[in-house]
Each structure stands twice: as C-alpha cells, then as structure tokens.
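K.L.:
There are 2 protein chains.
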Amino acid sequence: MIEKPTRRRGAALEQAILAAAATELEAGGYAAFTMERVAKRAGTNKNAVYRRWPNRVALGLAAYREMIAAETCVPDTGELRADVLEMLRGANRHLASPYGEIVRGLLADAAARPELMEQLRERMAAGGGEDWLTVLGRAVARGEAPPESLHPRVATVPIALLRNEFVVRGSTTVPDSTLVEIVDEVFLPLIRGRTRP
Amino acid sequence: MIEKPTRRRGAALEQAILAAAATELEAGGYAAFTMERVAKRAGTNKNAVYRRWPNRVALGLAAYREMIAAETCVPDTGELRADVLEMLRGANRHLASPYGEIVRGLLADAAARPELMEQLRERMAAGGGEDWLTVLGRAVARGEAPPESLHPRVATVPIALLRNEFVVRGSTTVPDSTLVEIVDEVFLPLIRGRTRP
DNA sequence: TAGTTTGGGTACGGTACGTACCGTACTGTA
DNA sequence: TACAGTACGGTACGTACCGTACCCAAACTA
Numbered sequence: 001m002i003e004k005p006t007r008r009r010g011a012a013l014e015q016a017i018l019a020a021a022a023t024e025l026e027a028g029g030y031a032a033f034t035m036e037r038v039a040k041r042a043g044t045n046k047n048a049v050y051r052r053w054p055n056r057v058a059l060g061l062a063a064y065r066e067m068i069a070a071e072t073c074v075p076d077t078g079e080l081r082a083d084v085l086e087m088l089r090g091a092n093r094h095l096a097s098p099y100g101e102i103v104r105g106l107l108a109d110a111a112a113r114p115e116l117m118e119q120l121r122e123r124m125a126a127g128g129g130e131d132w133l134t135v136l137g138r139a140v141a142r143g144e145a146p147p148e149s150l151h152p153r154v155a156t157v158p159i160a161l162l163r164n165e166f167v168v169r170g171s172t173t174v175p176d177s178t179l180v181e182i183v184d185e186v187f188l189p190l191i192r193g194r195t196r197p
Numbered sequence: 198m199i200e201k202p203t204r205r206r207g208a209a210l211e212q213a214i215l216a217a218a219a220t221e222l223e224a225g226g227y228a229a230f231t232m233e234r235v236a237k238r239a240g241t242n243k244n245a246v247y248r249r250w251p252n253r254v255a256l257g258l259a260a261y262r263e264m265i266a267a268e269t270c271v272p273d274t275g276e277l278r279a280d281v282l283e284m285l286r287g288a289n290r291h292l293a294s295p296y297g298e299i300v301r302g303l304l305a306d307a308a309a310r311p312e313l314m315e316q317l318r319e320r321m322a323a324g325g326g327e328d329w330l331t332v333l334g335r336a337v338a339r340g341e342a343p344p345e346s347l348h349p350r351v352a353t354v355p356i357a358l359l360r361n362e363f364v365v366r367g368s369t370t371v372p373d374s375t376l377v378e379i380v381d382e383v384f385l386p387l388i389r390g391r392t393r394p
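These protein sequence lines map, in sequence, to chains A and B.
Residues 1 to 197 in the numbering used here are what the first sequence spells out, letter by letter.
Residues 198 to 394 in the numbering used here are what the second sequence spells out, letter by letter.
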C-alpha cells in the first residue's frame, strides 16, 4: 500500500498556495488578502509562501493571473458594432466586483515595481490589445471599416474608455448604456472619421 | 504686551494639519502618508487629526484637494489641436509623480466609500469635463468643429485615454508622442467622423 | 475667577508584513 | 538501506501603522 504523502512539496504545494490565494482573492478581495490567511487556507504557513513570492503584491498578481487564465474569447458575429459591444460587455462583467477592487489594489501596490506593473498590464482585462485589433481587422477585411482605421490606438479606444470609466466611478458596474454610448458616439464615428476621403 | 498663543486651536490648527498633510503627500506619496507623520509635522498629535478627519483616506483626499486647488486653467490659442494638446500636457505633468501614486492610492482606498469616491472623481485631474467641453465649444463656435461633436463623451476622450494610459503604465510619465498620437490619430479623426455629411 | 472646550502626551489593542529559528518529514543518492 | 541534504510546518518575533482611550493643561467664555 502506497502511503499518501502527508506533506506536499514543490509544485504540488505551489499550486495549492496559488489556488488558496485565488480563492482568498475571490472571497474577500485584495483588502482582505493577507499572507497568513492564504497560508492557512493552503494548509501551510507563511514560510512556504514567502519562499516562492517575495511579497504580497507578487502573490496577489500571480493569483490574479491564475483567476483570469481561461477567460478571453474573441467574438465574431460578422458585424463590428456587435463584436465591440460584446467585448465591452465581457470586460465590464470582468471589471465589476470582485475583480475591480482587486485590480485597483494591485495597481496601487504594484506602481512602484515596474516589473510587476508590466505583468499587470499584460494580464489586465483585454489589456494587450491584440484581441481588439483582431476584431477591427475582421471588420476591415469585410470592408466594414477602412484600412486606415487599423491602428492599435484606435482599436483599443473602447476598452480604454471603459477602463477609465471604471477607474473614475469606483467599484460600481458601468451601466450598459454607457457601453453603447462609447460605441455609438465615439468608436463608430471615429472609424468613419478615419476614412480616406 | 500680548502673549502669542503657543497652542493653536480651531481653524488655525486645521489649516496647519492640512498643510502638513499636503507636504507629507508631496514628499513621500500616499504610501508613506501616515497619520502619525502628519501629526508630527503639524506639531500636534493624532488626536487633533482624528477629531477632524475620521480616517486616513479622508485626510489624504482633503490634502490632495488642497494640493490641486489652484491649478486648472483652460488654454485658448484659437486652434482646437493646440488647445487640446496643451490641456493634455498639463494633465500629464500633473498625473506624473508624485500625483500619480497619490491618485492610485486614493482610488484603491476610497473605492469602498462612495461619498469619497464622488469627491475624488470631481477633483481628479480635469475630471469634471467642463473644461474640455469649453475648449470644444470654442472650436465649434469658430466653425472648426461640427456642432454634432459637442458631446461630453466626445470632449473628454483625450483625457480619458490619457488617464487610461497612465493607470495602465504605472508611475512613469506618458511620453509626449503618445499625447500627440491621442490627438492626431483619435481625437481629430473622431471630430471629423462626427461631421454630418 | 469658575467652568467649558479643545490641544497635547502617552499608552494601548489590533492587525498585518516580513524575518528568523528549529525540529522534522520527505527525497534521492551511495 | 542508511544517510545527507532539502523543503516543510510551527512558532515566535520585530516593526509599522491604524484607530481609540485617558488624562491633564492651555485657551477661551461668561
């Protein structure tokens, strides 16, 4: 009979800690996210945690990455407006509680550490911008948008505006009418405005 | 001979505390902003501080308001592009250190308190939007922009994009080329796109 | 001058970060 | 299978800060 090891090591323990950290983040947000609670939930102690992550922000960021690992999916409805709205709605759902508070906390804590900031930027809701370029690229291919509009700065305008809205408004969810406004009053006119006459 | 009072009271003490808080914020940012340090710098103790502000966020917000009290000035160069760029540059200077870290810290701490969030939104760099509407309104009056473009969501696109950039990038200053890009690749095409054909 | 308000000093309880130490369970190598 | 080295778990500690409590004295007020 093979004895079940009572003491986890290495990767197994690391995964357990990460899972515990993600659960803690999900349960109480970044404010209630403490090293002691994570260690306790993982069935270990702070030692094992600090051996892997040098501080709270680093662990929080790693756990956040874990949480949002399988999320992104790029819609393809065949119409630019619908695609963009759907991506905005997805991002809005994501940035609503409890992710919003987590991102804010991480942002505040990671600001002083450029390398963490870099990671956070990459992982932040639809932060990369490739997905947005993909959607816009499809619209260009369909002839729905002019080729001159295919610019990273342009493609990410909706998510940038949403993110701003969310930062400025606090933890409350951005109303859907705002998302519609972003698309209809800003994004689509912008695409039109970039048409070469 | 009138004895100078050695112990300040009421408004005098309140102003002294606020000034000390602003100095502390400016010196070390929100992370190093502690009630004890503020009290010490003001030449008093935490008692007097807590009698006036219930917690750290409230005092930090009040001090931040004090810091940015006399800042806003709306440019009027006679050309929309130059006006917008100047406002963006001013906001960028403002959001660069140490204000950036302060705003991030306040945002993270105030998120749970709607009434503080409200204050913060109003006071945040060019957050109100009236100034941006003013600039755009002048352009419309000059015939430089179509009347259909006079929309709050449209007018505040540049500052929203800048704020997003700054939140996403961390504490580093946004390069001037980004500001130019926001204006030339997004804002001006957007204005053009809102022209009624 | 007596009485009330308001500052200032000090200490405390509580919480959390991050560090140190130490005995012990596991691992893998001889 | 014995043994050394590594990693884990328990515990305690030092530090820092928040927010509160208590008390006395200074300043104002009647």
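Beta carbons are placed, not taken as given, at the ideal position from N, Cα and C, and that holds for glycine.
The structure presented is a predicted model; accordingly, all values stated were derived computationally and were not measured.
With the cut-off set at 8 Å, would you say B/A260 and B/A308 are in Cβ contact?
P.N.:
Numbered from 1 along the second sequence, position 63 holds the residue referred to as residue 260 of chain B. Numbered from 1 along the second sequence, position 111 holds the residue referred to as residue 308 of chain B. No, these two residues do not count as a Cβ contact at 8 Å.
K.L.:
If you measure between the beta carbons of B/L387 and A/L179, is that distance less than 8 Å?
P.N.:
Within the second sequence, the letter at position 190 stands for residue 387 of chain B. Within the first sequence, the letter at position 179 stands for residue 179 of chain A. The answer is no: Cβ separation not under 8 Å.
K.L.:
Per DSSP, what kind of secondary structure is B/W329 in: helix, strand or coil?
P.N.:
The sequence position of residue 329 of chain B within the second sequence is 132, counting from 1. The answer is helix: DSSP assigns B/W329 an H, G or I state.
K.L.:
Am I right that B/V371 and A/V186 are in contact with their C-beta atoms under 8 Å? What's the rounded C-beta distance?
P.N.:
Taking the first residue of the second sequence as 1, we reach residue 371 of chain B at position 174. Taking the first residue of the first sequence as 1, we reach residue 186 of chain A at position 186. Actually they are not in contact, since the Cβ atoms of B/V371 and A/V186 sit about 20 Å apart, beyond 8 Å.
K.L.:
Okay, do the segment 276-296 of chain B and the segment 239-247 of chain B touch, 3+ Cβ pairs below 8 Å being the bar?
P.N.:
Because the criterion of three Cβ pairs below 8 Å is not met, the segment 276-296 of chain B and the segment 239-247 of chain B do not touch.
K.L.:
Can you give the Cα-Cα distance for B/I299 and A/V135, rounded to whole angstroms?
P.N.:
Walking along the second sequence from the start, residue 299 of chain B turns up at place 102. Walking along the first sequence from the start, residue 135 of chain A turns up at place 135. If I take the Cα positions, the gap works out to 36 Å.
K.L.:
Excluding the 5 residues preceding and the 5 following B/Y296 in the sequence, name in chain order all residues of the same chain whose CB lies nearer than 7 Å to its CB.
P.N.:
Within the second sequence, numbered from 1, the residue matching residue 296 of chain B stands at position 99. So the list is empty, once near-sequence residues are dropped.
K.L.:
Below 8 Å, can you find three or more Cβ-Cβ pairs linking the segment 335-348 of chain B to the segment 132-151 of chain A?
P.N.:
At 8 Å Cβ cutoff, the stretches do not touch.
K.L.:
Can you give, in chain order, each stretch of the alpha helix (DSSP H) that sits fully within the segment 38-91 of chain A and has at least 4 residues?
P.N.:
The qualifying runs are 46-50, 56-67.
K.L.:
Can you tell which of A/V157, A/G193, A/A20 has the C-alpha that lies nearest to the C-alpha of A/E181?
P.N.:
As a first step, residue 181 of chain A must be located in the first sequence, where it is residue number 181. Closest option to A/E181, Cα to Cα, is A/V157.
K.L.:
May I ask you to report which of helix, strand or coil DSSP gives A/H94?
P.N.:
What you label residue 94 of chain A is simply residue 94 of the first sequence in a count that begins at 1. Three-state result, A/H94: helix.
K.L.:
Identify the contact partners of A/P175 in chain B, using a Cβ-Cβ distance below 9 Å as the criterion.
P.N.:
Counting from one through the first sequence, the residue named residue 175 of chain A turns up at place 175. The contacting residues do not exist; A/P175 stays about 13 Å from chain B at best.
K.L.:
So what does DSSP say about A/T23, is it helix, strand or coil?
P.N.:
Locating residue 23 of chain A in the first sequence gives position 23, counting from the first residue. Three-state DSSP puts A/T23 in a helix.
K.L.:
For A/G10, does the count of other Cβ atoms within 10 angstroms reach 16, so buried, or fall short, so exposed?
P.N.:
As a working note, residue 10 of chain A is residue 10 in the first sequence. Exposed, since its Cβ has fewer than 16 Cβ neighbours within 10 Å.
K.L.:
Strictly below 7 Å CB to CB, what residues from chain B border A/H151?
P.N.:
Against the first sequence, residue 151 of chain A aligns to sequence position 151. Neighbours of A/H151 on chain B, chain order: E382.
K.L.:
Regarding A/M67 and the ligand PLP, is the C-beta to nearest heavy atom distance less than 7 Å?
P.N.:
The model on display carries no ligand, and the ligand PLP is accordingly not part of it.
K.L.:
Any residues in the segment 260-287 of chain B with a beta carbon nearer than 7 Å to a beta carbon of chain A? Which ones, in chain order?
P.N.:
Per Cβ criterion, the list is empty.
K.L.:
Taking C-beta to C-beta, are A/V168 and A/D109 nearer than 8 Å?
P.N.:
By one-based count along the first sequence, residue 168 of chain A stands at place 168. By one-based count along the first sequence, residue 109 of chain A stands at place 109. No; because the gap between Cβ atoms is not below 8 Å, this pair is not in contact.
K.L.:
In this structure, how does DSSP classify A/F33 when only helix, strand and coil are distinguished?
P.N.:
If you number the first sequence from 1, residue 33 of chain A lands on position 33. Coil, per DSSP.
K.L.:
For B/R301, count neighbouring C-beta atoms within 10 Å of its own C-beta (all shown protein chains included) and say buried if the count is 16 or more, exposed if not.
P.N.:
The residue given as residue 301 of chain B occupies position 104 in the second sequence. With 16 or more Cβ atoms within 10 Å of its Cβ, B/R301 is classed as buried.
K.L.:
Measuring alpha carbon to alpha carbon, tell me which residue in A/A19, A/G129, A/A20 is nearest A/L88.
P.N.:
Working through the first sequence from its first residue, we reach residue 88 of chain A at position 88. Comparing Cα-Cα distances from A/L88 to each of A/A19, A/G129, A/A20, the minimum goes to A/G129.
K.L.:
Under 8 Å by Cβ, that's how I've got B/G390 and A/G193 pegged, so tell me the actual separation to the nearest angstrom.
P.N.:
For the purposes of this step, residue 390 of chain B is identified with residue 193 of the second sequence, where counting begins at 1. For the purposes of this step, residue 193 of chain A is identified with residue 193 of the first sequence, where counting begins at 1. The Cβ separation is near 2 Å, so the contact holds.
K.L.:
Where does B/E341 fall in DSSP's three states?
P.N.:
Residue mapping note: residue 341 of chain B aligns to position 144 of the second sequence, counting from 1. Three-state DSSP puts B/E341 in coil, outside helix and strand.
K.L.:
To the nearest whole angstrom, what separates the beta carbons of B/L358 and A/A160, a pair I think is in contact under 8 Å?
P.N.:
Residue mapping note: residue 358 of chain B aligns to position 161 of the second sequence, counting from 1. Residue mapping note: residue 160 of chain A aligns to position 160 of the first sequence, counting from 1. 5 Å between Cβ atoms; contact.
K.L.:
Taking only the alpha-carbon atoms, compute the straight-line gap between B/L313 and B/L258 and give it to the nearest angstrom.
P.N.:
Walking along the second sequence from the start, residue 313 of chain B turns up at place 116. Walking along the second sequence from the start, residue 258 of chain B turns up at place 61. Whole-angstrom Cα-Cα distance: 8 Å.
K.L.:
Specify, as a first and last residue, the run of the alpha helix (DSSP H) that B/I388 falls within.
P.N.:
If you number the second sequence from 1, residue 388 of chain B lands on position 191. Start and end: 385-390.
K.L.:
So B/A213 and B/R205 are in contact, right, with Cβ under 8 Å, and what is the actual spacing, rounded?
P.N.:
Sequence index remark: in the second sequence, residue 213 of chain B carries index 16 (1-based). Sequence index remark: in the second sequence, residue 205 of chain B carries index 8 (1-based). Yes, they are in contact, since the Cβ atoms of B/A213 and B/R205 sit about 6 Å apart, within 8 Å.
K.L.:
Taking the Cβ atom as the reference point for each residue, do A/V38 and A/L13 lie within a distance shorter than 8 Å?
P.N.:
The sequence position of residue 38 of chain A within the first sequence is 38, counting from 1. The sequence position of residue 13 of chain A within the first sequence is 13, counting from 1. No; because the gap between Cβ atoms is not below 8 Å, this pair is not in contact.
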